[in-house]
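Just add 148 to the spot in the sequence shown (first one is 1) and you have the working numbering.
C-beta: ideal position from N, C-alpha, C; glycine also.
From a predicted model like this one, the values you see are computed outputs, not experimental measurements.
Here the structure is laid out as structure tokens; the discussion comes afterwards.
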Amino acid sequence: MEVSSQKLNSFLMFKLPSAWLCGVRVTEIDATHCVTAVRHRWINQNPFNSLYFAVQAMAAELSTGALVMIEIRASKTPISMLVAQNRSRFTKKATGKISFICNDANLVSTAIEEAIKTGEGQTFWMRSRGLNEEGQEVSVFEFEWTIKVR
Numbered sequence: 149m150e151v152s153s154q155k156l157n158s159f160l161m162f163k164l165p166s167a168w169l170c171g172v173r174v175t176e177i178d179a180t181h182c183v184t185a186v187r188h189r190w191i192n193q194n195p196f197n198s199l200y201f202a203v204q205a206m207a208a209e210l211s212t213g214a215l216v217m218i219e220i221r222a223s224k225t226p227i228s229m230l231v232a233q234n235r236s237r238f239t240k241k242a243t244g245k246i247s248f249i250c251n252d253a254n255l256v257s258t259a260i261e262e263a264i265k266t267g268e269g270q271t272f273w274m275r276s277r278g279l280n281e282e283g284q285e286v287s288v289f290e291f292e293w294t295i296k297v298r
């Protein structure tokens, strides 16, 4: 079964309802990248009338985690995944529609191959850039993913 934006958005509704209620959605996904988006609205704002940082983090994490899920599924091996650490940088007020783009799928496949080959857990960092509708960077998130063959 192929993973699609629609299937991932349904997954969100049932498994990550807070992200779904805040408007986080997968807009594009393939073997190389994932794009998520969220629009600044009343339910996801901060007191400064912009997108709350935690909502940005949910959208950014999903853009990286969806790629990890796809690669784990393709490996046909039971592998657990978990975020160990994250870092973020905010460079501009996040208003309007913000898209988070991760192009680090190649890091995932390499780590999964190594985990399967050695039987040891692997860690790797993935980056997601948040861009506003004008293409300006508003934030950058980095997540350290850990994977381990069960």
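So what does DSSP say about residue i, is it helix, strand or coil?
{"i": "residue 287", "result": "strand"}
{"i": "residue 175", "result": "strand"}
{"i": "residue 279", "result": "strand"}
{"i": "residue 298", "result": "coil"}
{"i": "residue 247", "result": "strand"}
{"i": "residue 150", "result": "coil"}
{"i": "residue 196", "result": "coil"}
When you compare each of the options to residue i by their alpha carbons, which one comes out closest?
{"i": "residue 246", "options": "253, 238, 222", "result": "238"}
{"i": "residue 298", "options": "260, 271, 228", "result": "228"}
{"i": "residue 165", "options": "194, 210, 183, 284", "result": "210"}
{"i": "residue 212", "options": "241, 268, 196, 248", "result": "248"}
{"i": "residue 279", "options": "287, 273, 272", "result": "287"}
The beta strand (DSSP E) that contains residue i, what's its start and end?
{"i": "residue 227", "result": "227–238"}
{"i": "residue 187", "result": "182–187"}
Could you pull the start and end residues of the alpha helix (DSSP H) that residue i belongs to?
{"i": "residue 213", "result": "201–223"}
{"i": "residue 259", "result": "253–266"}
| request: Decide if the stretch 260–271 is in contact with the stretch 187–194; the criterion is three or more beta carbon pairs, one per stretch, under 8 angstroms apart. | output: no
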